[in-house]
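Please read the structure below before turning to the comments.
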Amino acid sequence: RKEVEQDPGPFNVPEGATVAFNCTYSNSASQSFFWYRQDCRKEPKLLMSVYSSGNEDGRFTAQLNRASQYISLLIRDSKLSDSATYLCVVNIPLKAAGNKLTFGGGTRVLVKP
Amino acid sequence: DGGITQSPKYLFRKEGQNVTLSCEQNLNHDAMYWYRQDPGQGLRLIYYSQIVNDFQKGDIAEGYSVSREKKESFPLTVTSAQKNPTAFYLCASSIERGIGYGYTFGSGTRLTVV
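Going down the list, the sequences are from chains A and B. Quick note: the first sequence uses my numbering, first residue -6, plus one each step. Quick note: the second sequence uses my numbering, first residue 178, plus one each step.
Printed below as a string of structure tokens:
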């Protein structure tokens, strides 16, 4: 089983609609969670951190469900510019000291007029 | 402006050659990382370094080598032992030693074997 799993999509979304997708993680000791956005042939960029209480940043809402070991991202009022691949990132403890970020394979979102 | 600079942006390697990818950051970050991304796939960790003069293998270290002689620099060498090196290589850094903070990425190097 992969450490971090995502539905690859694509999610085809009409402009102005809402889209939501999840990411599951296998290590219950994971401590922190992020959503990154990656545009085609570009580097990933941090979209938002995911907090236990859930958090919102404009049209984006992230949720964490520790019991079921998944995080979610919801995009409201989708814009054409939201078309991208969204990477789920989980901080996984290392056997030695420290942690590492592990990336899911990404969920592709295509917003269409 | 602070950031991470990767060079070159595109690199072509002949079979049997070693090539070195550069990664420099001026963010004063302790930790640095190298990831590889293949088309349509997620990022896989090659090597990471939490402090100068120390580095650790990631999940796919075979055929790669690194050094961390300066805090600002973390070059990656793709050796001839790496059988399938064509990929998008991303360097990242973080302010804490991988503990709970997001990473800042460089713009990447696209390596192609010709």
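A virtual CB, placed ideally from N, CA and C, is assigned to each residue, including glycine.
{"Check": "Please tell me whether Tyr210/B and Ala269/B are closer than 8 Å, where the distance is taken between their beta carbons.", "Outcome": "yes"}
{"Check": "For Ala13/A, which residues of its own chain have a beta-carbon under 8 Å away from its beta-carbon, when the five flanking residues on both sides are left out?", "Outcome": "Ser65, Leu66, Leu67 and Ile68"}
{"Check": "Nearest by alpha-carbon distance to Gly240/B: which of Thr197/B, Leu188/B and Lys186/B is it?", "Outcome": "Thr197/B"}
{"Check": "Just grab the DSSP bridge partners of Ile64/A for me.", "Outcome": "Cys16/A and Leu57/A"}
{"Check": "Cβ of Gly99/A less than 8 Å from any chain B Cβ?", "Outcome": "yes"}
{"Check": "Taking Cβ-Cβ distances shorter than 9 Å, what residues in chain A pair up with Ser199/B?", "Outcome": "In chain order: nothing, as chain A lies at least about 15 Å away."}
{"Check": "Can you list the residues of chain B that Pro37/A reaches, using a CB-CB cut of under 7 Å?", "Outcome": "Phe282"}
{"Check": "Return helix, strand or coil for Ser74/A, following the three-state DSSP convention.", "Outcome": "helix"}
{"Check": "Can you give me the Cβ contacts of Asn203/B inside the same chain, cut-off strictly under 6 Å, excluding the 5 residues immediately before and after it?", "Outcome": "Gly179"}
{"Check": "I'd like to confirm the pairing. Which residues does DSSP put opposite Asn261/B in its beta bridges?", "Outcome": "None; Asn261/B has no bridge partner."}
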